[in-house]
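Below is one structure, written out as structure tokens; comments come after it.
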Amino acid sequence: EHALLAFTLGVKQLIVGVNKMDSTEPPYSEARYEEIKKEVSSYIKKIGYNPLAVAFVPISGWHGDNMLEPSTKMPWFKGWNIERKEGKANGMCLIEALDAILPPARPTDKPLRLPLQDVYKIGGIGTVPVGRVETGVLKPGMVVVFAPANITTEVKSVEMHHEALPEAVPGDNVGFNVKNVSVKELRRGYVAGDSKNNPPRGAADFTAQVIVLNHPGQISNGYTPVLDCHTAHIACKFAEIKEKV
Numbered sequence: 138e139h140a141l142l143a144f145t146l147g148v149k150q151l152i153v154g155v156n157k158m159d160s161t162e163p164p165y166s167e168a169r170y171e172e173i174k175k176e177v178s179s180y181i182k183k184i185g186y187n188p189l190a191v192a193f194v195p196i197s198g199w200h201g202d203n204m205l206e207p208s209t210k211m212p213w214f215k216g217w218n219i220e221r222k223e224g225k226a227n228g229m230c231l232i233e234a235l236d237a238i239l240p241p242a243r244p245t246d247k248p249l250r251l252p253l254q255d256v257y258k259i260g261g262i263g264t265v266p267v268g269r270v271e272t273g274v275l276k277p278g279m280v281v282v283f284a285p286a287n288i289t290t291e292v293k294s295v296e297m298h299h300e301a302l303p304e305a306v307p308g309d310n311v312g313f314n315v316k317n318v319s320v321k322e323l324r325r326g327y328v329a330g331d332s333k334n335n336p337p338r339g340a341a342d343f344t345a346q347v348i349v350l351n352h353p354g355q356i357s358n359g360y361t362p363v364l365d366c367h368t369a370h371i372a373c374k375f376a377e378i379k380e381k382v
């Protein structure tokens, strides 16, 4: 289920750490590792991942085997190898597999989108919305609009880890001080954007492709689930189920 959720959410790179190798029967069993590797490879392939691009590492978190340094308990493990269009990579430990993850492209060229995680009132400063920049760039002096409430205001300052930033880019978790807006006017789930560059707008309806992981009954037109989208958490209704993909 975690692999399916990761793929559905757009996670392109995967590492499989086969943990608790110290608890297999016998301990550090190559046969058990190969059995798990075969089963998981088959499953992630069905989801949409290429197993050749996924590093499999037998580890023991409790004892530290193959976490930071190669383990002497698994001499049969000759290391992990991955093949992807950006090239090949190999190593022995989990940390090396993590280091081989390619950083994703940061979409700074797209319009600003910053979903709010929280809004604070800080004495002597004022209203400070907090969230992660998903696309675009946030800068002090920018006039932002908060959707769907359509509130417009100027950004006084941008901070990350108590340090002022000249700009915030995708992946940055920031707090930013805004003028003349009370903490009661903003809430988690609102989205900030640049008022001068394709600002975000609320949507009355949209078309979605949905994966049903499990459901006790039947899903039909009129079904009313709660939608979690970025930081928003809101009730909605299936107006029309168009087709099975």
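Everything in the sequence shown is counted per my numbering, starting at 138 for the first residue and increasing by one.
Where a beta carbon is used, it is the ideal one built from N, C-alpha and C, also for glycine.
In three-state DSSP terms, what is residue i?
i      : result
Ala226 : strand
Ala284 : strand
Lys183 : helix
Val177 : helix
Thr289 : strand
Leu151 : coil
Asp159 : helix
Pro193 : Before going on, a small fix: residue 193 reads as Phe here, not Pro. DSSP places Phe193 in strand when its eight states are reduced to three.
Ile371 : strand
Ala305 : strand
Val318 : coil
Asp236 : helix
Leu142 : helix
Leu231 : helix
Pro353 : coil
Name the residue from the options whose alpha carbon lies nearest to the alpha carbon of residue i.
i      : options                           : result
Asp342 : Lys215, Gly354 and Ala376         : Ala376
Thr344 : Ile378, Ser319 and His370         : Ile378
Val292 : Leu302, Leu239, Val363 and Lys215 : Leu302
Lys183 : Thr145, His352 and Gly273         : Thr145
Asp159 : Arg169, Gln150, Gln346 and Ile152 : Arg169
Ser319 : Val280, Asn310 and Thr289         : Thr289
Pro240 : Arg325, His367, Lys157 and Pro307 : Pro307
Phe283 : Asn335, Met297, Ile232 and Pro164 : Asn335
Asn187 : Val153, Ala340, Val270 and Glu172 : Val153
Sort out for me which residues DSSP pairs residue i with in a bridge.
i      : result
Arg169 : Its beta-bridge partners do not exist; DSSP assigns none.
Phe313 : Val295
Ile219 : Ala226
Asp255 : Val267
Arg250 : Thr272
Glu206 : Asp202
Glu300 : Met297
Leu126 : Residue coverage of the chain in this structure runs from 138 to 382, which leaves residue 126 outside it and unanswerable.
Asp342 : None, per the DSSP bridge assignment.
Tyr328 : The question names Tyr, but residue 328 in the sequence shown is Val. Bridge partners of Val328: Pro252 and Ala284.
Leu364 : Ile371
Residue i: buried (16+ other C-beta within 10 angstroms of its C-beta) or exposed?
i      : result
Asn314 : buried
Gly312 : buried
Gly261 : exposed
Gly268 : buried
Gly330 : buried
Asp236 : exposed
Ile356 : exposed
Asn203 : buried
Leu151 : buried
Thr264 : buried
Leu142 : exposed
Leu364 : exposed
Leu323 : buried
Leu251 : buried
Leu205 : exposed
Ile259 : exposed
Next item on the list: Inspect the CB distances between the stretch 216 to 231 and the stretch 247 to 260 and report whether three or more fall short of 8 Å.
Entry: no
Notebook entry, point to check: Are three or more beta carbon pairs between the stretch 172 to 184 and the stretch 207 to 219 nearer than 8 Å?
Noted result: no
Note to self: Taking contact to mean 3 or more Cβ pairs, one atom from each stretch, closer than 8 Å, check whether the stretch 263 to 283 and the stretch 345 to 359 are in contact.
What the structure shows: no
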